[in-house]
Each structure stands twice: as C-alpha cells, then as structure tokens.
RNA sequence: GGGGGCGUGGUGUAGUGGCUAACAUGCGGCCCUGUCAAGGCCGAGAUCGCGGGUUCGAACCCCGUCGCUCCCGCCA
C-alpha cells in the first residue's frame, strides 16, 4: 500500500513542480532536499566576492546557508550580485549539494537565479552581526529596534517567550483555569491612583489599568473559580531603572477556595517549574550556544522564608537596611537574599512571606493584627511577583480600606463583589519580562521586551 | 522626585592643557578559483553633544544646558 502511494505521490509532486510556482524551502530543512532545486528566501548575511567565484550566505529564521556562484557561468548575474548589500532581502533558486568542506552545515547551494526583494541601504545604522565589542549602546539599538531584533539573541529570546507563554497556558488549562481579558480602560482610579495614566474619554476622563486585580477578583465572585490573564498594564511611575517600564505584560492568576496563601505559592512554583522544563526541552541547546549557560529547571518546593527570617539572614550576612525599611526590603536586600538562599539551598527562587500590613494593599488578608497572608517571589535576586490570599469578607475588607485611608465611595463597585457569596481566594501578578530577564540572565529589562516603554521612550 | 556616571568618524573605544585627534569595525575602490567571523593593499569619513568662561593655547579645566545611563524611592 505504502509503495503505491509513494509512487502516486511522486508523480503528483513532479506534476506539481512542473506546473506550479515553486514553494519556499526553509534553510533549516535543506539537508532533506539534497540534489534538489529549491527556492529559499532570506537576508544576505555576508557576500564574499572573489575574482572568479562569489559566496553568498543567506539567513532566514531557521538558519544560514552558503550559496555559490561561479562567475564565468553568468557574468551578468555576477555583476548584479556584486551590487548586493548585506542585510538585503533576497529570493534565491539553486540546487542543494552536499559539501563537507563547507563549514556552514556541510551544505551549499549552486546558484541558478536570484532576485532582490528589498535592497538594504548602505551603510547600515549598525551591524547586527558584527563584533560583540562593537555592539551599540542599548538606547541606540532601541532606536533601530527592527535591526536589533535580527540579532540571533533576540530571535531566540522571543521564541523562548512564546514557549514560556504556551507552557503557562498548558499548565493552567491542565489545572482547570480559564483565560480572561479584562478591560484596560477604567472609569475611576481604583487602588492608589498615584501611578495612573489619565486620558480624555469623550466628555469625561478614563484611566489605563495598572493591574487587572479587581477584575480577576470579580471573576471569583462570578463563580469562575480559577482564572488567568496575560495582558498589558500601565504604570505612570517615572522610574529610571534597568527593571521598570511604564507599560508591561502582566501575568495574573486568581484561584478560589484556597485555604491560605500557601495554595497560591505551591501552584505558582509548579507552574514555573513546568515553564522552565518546556523552555529547556525546546530551546536548552540553543540557549547554551547563544547565551552561554545551561538552563536549570528549578526544584519544588521553593524555599519560603518569613519577613522576620529574611531580616535575620540579612543581619547574619551583614547587610544594613535603611531605618525606614523595618518591615520591608530594598532592592539591595533582595539581591543579597537571593544570593544567600542560592548558596544555602541551591535554589534561584525564594518566597518571602508574612509581610506587614503597613506595606501591603488593603485587600491582602491579614494574618493576626499586623501581618498579612501575602508573599513576594524573588528570582535571581529580583522581585518578580507579589501575591496573597485576598480578604473576601465584606466587613473586614471595608474596615481595612478605611484603615488605609481609602474612601469607600471610589471602590464601592469593588466592595460589592463581596456581598453575595464570594469564596475565599488568592492569586498573584508576575512580570513577564522580569521572568524572562531572570531566566536568560539579561541585565536590562529593555532587552527582554519587544518594544520598551518608559518615561523617556514612546518610539518606535 | 533625589544622587552618581558618561557624551570623540556610522558604530564601539583610546586620547585628561600644546597632534595634521588614534585604533577596531563598518563603508567605497582595487587585488585574490573555494572562501567560510576570509585575506591583502588603498581611500573617504569626527570642527570631540550644545552655549559660555579660564588660558598664549581646551576633546581635556570651570559654569550652564540638553541627551543618555545606573542607583535610590516605587514596584512586576
């Protein structure tokens, strides 16, 4: 049976090739097309133009291949090729041949025809594939982001991000979560109000959401039990650091019927472990080559330390917190804690629990008089998550809002969620780019986001 | 918002009071039957962010200004 179908297939394929336009072959798949004439598309990575022979290296998203042209075969074509500039977009037709002496994959393509889709102007603003020592400063690369994105590191980074988001969704769906999309336009400043972007909205004002917090809690009151959202949030903070953005992608989760914040943390650590595992499966080898390290899948459970234990550790290692951080941590303390926990347990992640109500929002459930059922997740010394069990009892929540000096009028729509059978629940928010930054050990968040938005950058 | 640092060819750097401002890379030209991050030779390209001051003389010192950057605050 299989023989017959193979024969018919070959005849059909032959007829197809004779009568139809050629289909594009990806460079990464050329090995399985030896001795065939193929059509490939990509960017001119380098041109080595010698007296009798021309070598073109063409790059697409799957790899690079050398194309060879013996000039005397077609001098007119050779003269045309001589005018090509690196990074031009080309379509090439040629025959694939095995050639072990070619360092690039042991393959080369004997050129038959070539056409220019878009000639790159010269000189380029910078060389995406030049010496690492000559790589322009980040700010300049962001001005020319589309050129910067061509770099191998960036292509891989955004494939890793895609895999990571896929893995998160796989994990959540496997665990009974529903995906939600909450609005980013809001009618009233909800939580603090200080860091909200305000914009004209017909005859009134609107605000850009700085968190889906209230809306995902609404889904708990709505009986969805388990939800997640991956979406944009906006913070009008003039922060000039390597880890802040005014617009970023927030990874949010909320789950009902929790016994405590522990349920949220154990869910999150398993999700992160799964995401690391998937990324390692699909990109571990490339990460080793491109970023130069072995991606480690973290063990669960992650270490958990209370805030007072954290302060004890800081004392032991001699880190001085500023006096106003009695119930809190500063970025330096987070780095030191991350390092110390790594040394003591081998884990890159650590949950800090039992935060003081004084430094937490009103909706975090209290644990005793002063503490809360909340946590931060520190990864590679960087804060990537805040989570908590929420306060779901209307009267208690109202009292906590008042304790924080909030006017109930502004948040009445939110308080109403808790009037008609809202289950106990908890969740967290995690910065997508911060996670990617930690995972790939990159020093600046602007490297890990498609297009950075900050106080001084709205372009491109 | 507070504090520190940096602005030199397209890009990355060197030069810290007396040079026609150097090097690498890229760019242009020539040479080279097979290269492979090719190689060799030649060439173009910077009034040293901008404005003022000190000095016989400023890329270099001082003041201002603009831009960038890092740290803190705030957070993810």
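Numbering (our numbering), first residue to last: 45 to 504.
From the three backbone atoms N, C-alpha and C, an ideal C-beta is built for every residue, glycine too.
Here the structure is a predicted model, which is why all the values come from computation and not from measurement.
Under DSSP, the beta strand (DSSP E) around residue i begins and ends at which residues?
i: residue 203; result: Looking at the DSSP string, residue 203 is not in any beta strand (DSSP E); the run it does join, the alpha helix (DSSP H), is 196–218.
i: residue 239; result: It is not in any beta strand (DSSP E) - residue 239 carries neither H nor E in the DSSP assignment.
i: residue 71; result: Note, residue 71: premise wrong, no beta strand (DSSP E); not H, not E.
i: residue 274; result: 270–278
i: residue 90; result: 81–93
i: residue 348; result: 348–350
i: residue 252; result: 248–252
i: residue 393; result: 393–397
Assuming residue i contacts residue j (C-beta within less than 8 Å), just tell me the rounded distance between them.
i: residue 87; j: residue 103; result: 5 Å
i: residue 428; j: residue 482; result: 6 Å
i: residue 347; j: residue 389; result: 5 Å
i: residue 212; j: residue 228; result: That belief does not hold up - the Cβ atoms of residue 212 and residue 228 are roughly 20 Å apart, past 8 Å.
i: residue 304; j: residue 417; result: 6 Å
i: residue 406; j: residue 444; result: 4 Å
i: residue 371; j: residue 403; result: 6 Å
i: residue 159; j: residue 135; result: 5 Å
i: residue 261; j: residue 279; result: The Cβ separation is near 19 Å, so there is no contact.
i: residue 489; j: residue 286; result: 6 Å
i: residue 78; j: residue 140; result: 5 Å
Considering Cα atoms alone, identify which of the options is closest to residue i.
i: residue 90; options: 111, 130, 395, 210; result: 130
i: residue 199; options: 492, 294, 496, 147; result: 492
i: residue 275; options: 245, 224, 251, 328; result: 224
i: residue 156; options: 270, 183, 100, 417; result: 100
i: residue 270; options: 252, 300, 352; result: 300
i: residue 363; options: 377, 352, 371, 369; result: 377
i: residue 431; options: 114, 78, 302; result: 302
i: residue 458; options: 373, 313, 441; result: 441
i: residue 421; options: 409, 394, 281, 196; result: 394
i: residue 326; options: 78, 369, 201; result: 201
i: residue 144; options: 478, 153, 402, 384; result: 153
i: residue 221; options: 110, 315, 329; result: 315
i: residue 247; options: 214, 135, 257, 231; result: 231
i: residue 85; options: 138, 268, 121; result: 138
i: residue 397; options: 419, 415, 409; result: 419
i: residue 125; options: 93, 478, 168, 410; result: 93
i: residue 328; options: 204, 194, 473, 426; result: 204
i: residue 425; options: 171, 191, 487; result: 487
i: residue 189; options: 168, 282, 207; result: 168
i: residue 257; options: 294, 250, 281, 219; result: 294
i: residue 322; options: 342, 358, 333; result: 342
i: residue 423; options: 351, 161, 438, 386; result: 386
i: residue 192; options: 123, 411, 281, 174; result: 174
i: residue 161; options: 105, 176, 128; result: 128
i: residue 291; options: 184, 366, 298, 277; result: 277
i: residue 480; options: 75, 149, 209, 354; result: 209
i: residue 460; options: 391, 266, 338; result: 266
i: residue 219; options: 73, 469, 180, 272; result: 272
i: residue 132; options: 166, 66, 170; result: 166
i: residue 95; options: 464, 146, 113; result: 113
i: residue 318; options: 297, 330, 332, 340; result: 340
i: residue 306; options: 109, 409, 81; result: 409
i: residue 475; options: 288, 182, 163, 351; result: 288
i: residue 297; options: 367, 447, 415, 473; result: 473
i: residue 352; options: 334, 469, 333, 373; result: 373
Need the endpoints of the alpha helix (DSSP H) that residue i sits in, please.
i: residue 329; result: 305–335
i: residue 494; result: Segment: none, residue 494 is in no alpha helix (DSSP H) and carries neither H nor E.
i: residue 262; result: 257–265
i: residue 366; result: Premise fails: residue 366 is in no alpha helix (DSSP H) and is neither H nor E.
i: residue 380; result: 375–389
Based on the DSSP secondary-structure assignment, which residues constitute the bridge partners of residue i?
i: residue 110; result: 101, 152
i: residue 222; result: 271
i: residue 475; result: 294
i: residue 470; result: 299, 433
i: residue 230; result: 251
i: residue 408; result: 434
i: residue 21; result: Only positions 45 to 504 of the chain appear in the structure, and residue 21 is not among them; the question remains open.
**OP:** Enumerate, from N- to C-terminal direction, the unbroken alpha helix (DSSP H) stretches of 4 or more residues contained entirely within the stretch 127–201.
**Re:** Given a length threshold of 4 residues, each whole run of the alpha helix (DSSP H) inside the stretch 127–201 is given here in chain order: 182–187, 189–192.
Original post:
Hey, which unbroken runs of the alpha helix (DSSP H) at 4 residues or more fall wholly within the stretch 410–462?
Top reply: Counting whole runs of 4 or more residues, the stretch 410–462 contains the alpha helix (DSSP H) stretches 438–447, 456–459.
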